[in-house]
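Chains as they are written, first to last, in our numbering: chain A, 1 to 194; chain B, 1001 to 1113. First comes the structure, then the notes that go with it.
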Amino acid sequence: YTYFPGRPSWGRTTPLMLTYAFSSSDFIDYIEISDIRAVFNRAFTRWASVIPVNFTETQDYKHADIKIGFYSKDHGDGEPFDGVLGVLAHAFSPKSGRFHLDAAETWSVDFESEKSRVAIDLESVATHEIGHVLGLGHSSVKEAVMYPSLNPRSKKVDLRLDDVNGVQVLYGSNPNFSLTSFLQSETSPNKSFG
Amino acid sequence: RNMPDFITVLPVNPDMNYTWSTFHKFLDIRRGSEIIGMSELKKYFHRFGYLPKSDTNFTDIFDDGLESAVTQYQSKLGLPVTGKLDSATLSEVMSPRCGVGDNDDHKLHITKH
């Protein structure tokens, strides 16, 4: 695991309370908002299960800590998106909270219904970008959520030990987190990594 | 006959026009070769932190700088370190990815004001 320069984080207030909101103007319309909310809820919950942080969705976009939106090409942050595939999303280091997804991708919450060969799993990307929002950089561990690439029609949503170790250095451990249980689940033969 | 060490299936159909899909033409290109479009590959490595930020004038020659970038990239992403544009490396390069850079000075590091 790695960090941003200077290892910025949201601080170690326990429990840390962070809000997130979706842009009403910069969004996609071919997936039900309820499905997108469920995807992000699962992604935030995954990180919250290992560190003492509470994530809460808010309708108050302007004042949310984490602002999520779908943008095309040049969208004003100096990091333009590039169309289909290539760069899928990016997020800024703490405490910026900016979380941008490329609107040109074919985002999917269910590969059974989305048949495109270039469909990208929204939950996998959301889980990865939340790692950046929290302060993690990219990992060299291919199985880790924080590895930089993700192929179309593949899923990688489960945190690996490298992800957990990295984020717990920044925020400490969730009191309900059990390393033993985590390791058992990580090596479970039923666990799929896409 | 010579067999490759490993074979990797490219993530997307290179015949289709996606970002970075044209990079498949650089497979097994050697240092010193000049190929049209190599500058785009250099821009890729520059963007994600494997070429110095100060480098902005990219040629189409596979030079020492690019070889060094490829080696760093392979090391950073847990690929076999060969310094060559082998199939495993190009497959990874062509894969869709996060826009945050891989090295410290190329990350999206902005503080809130």
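All C-beta atoms in this analysis are idealised placements derived from N, C-alpha and C, irrespective of residue type, glycine included.
Look at W107 (chain A) here: in three-state DSSP terms it is strand.
For A89 (chain A), the chain B residues whose C-beta falls within less than 7 angstroms of its own C-beta are C1098 and G1099, listed in chain order.
Between the stretch 171-184 of chain A and the stretch 142-156 of chain A there are fewer than three C-beta pairs closer than 8 angstroms, too few to call the two in contact.
A check of alpha carbon separations from G131 (chain A) across A:A43, A:T14, A:T13 and A:P5 identifies A:A43 as the nearest. Within chain B, the C-beta atoms nearer than 9 angstroms to that of L150 (chain A) come from S1095, P1096, R1097 and C1098, in chain order.
Between L85 (chain A) and P1096 (chain B), the gap from beta carbon to beta carbon is short of 7 angstroms. For K1076 (chain B), the chain A residues whose Cβ falls inside 7 angstroms of its Cβ are S140, in order along the chain. Membership of A64 (chain A) in any beta strand (DSSP E) is not indicated, and neither H nor E is assigned to it by DSSP. Residues of chain A whose Cβ lies closer than 8 angstroms to the Cβ of T1019 (chain B) are, in chain order, D82, G83, V84, L85, G86 and V87. D74 (chain A) and F81 (chain A) have their C-alpha atoms roughly 6 angstroms apart. DSSP places H90 (chain A) in the strand class (E or B) of the three-state scheme. Contact check between the stretch 59-74 of chain A and the stretch 1082-1099 of chain B: fewer than three CB pairs, one atom from each, fall below 8 angstroms, which does not count as touching. The criterion of a C-beta distance shorter than 7 angstroms is not satisfied by L101 (chain A) and F55 (chain A). G137 (chain A) belongs to the set of residues whose beta carbon lies under 7 angstroms from a beta carbon in chain B. The C-beta separation of L150 (chain A) from V125 (chain A) comes to about 7 angstroms, placing the pair in contact by the 8 angstroms criterion. Taking 7 angstroms as the Cβ-Cβ cut-off, the stretch 1038-1068 of chain B has no residue approaching chain A. By the 16-neighbour rule on beta-carbons within 10 angstroms, K1076 (chain B) is buried. Beyond the five residues adjoining it in sequence on each side, G1032 (chain B) comes within less than 7 angstroms, by CB distance, of F1062 in the same chain, given in chain order.
DSSP, reduced to helix, strand and coil, places M146 (chain A) outside both helices and strands of the structure shown, so it counts as coil.
With respect to the C-alpha of V109 (chain A), the residue from A:V53, A:E123 and A:A103 having the closest C-alpha is A:E123. Residue contact check for L1108 (chain B) against chain A: a CB pair falls below 7 angstroms. In chain order, E57, T58, Q59, D60, Y61, A64, I66, K67 and I68 place their CB closer than 8 angstroms to the CB of A21 (chain A), counting only its own chain and leaving out the 5 sequence neighbours on each side.
Within chain A, the C-beta atoms nearer than 7 angstroms to that of D1104 (chain B) come from P5, in chain order. When C-beta atoms of the stretch 22-33 of chain A are compared with those of the stretch 2-12 of chain A, fewer than three pairs fall below 8 angstroms, so the two segments do not count as touching.
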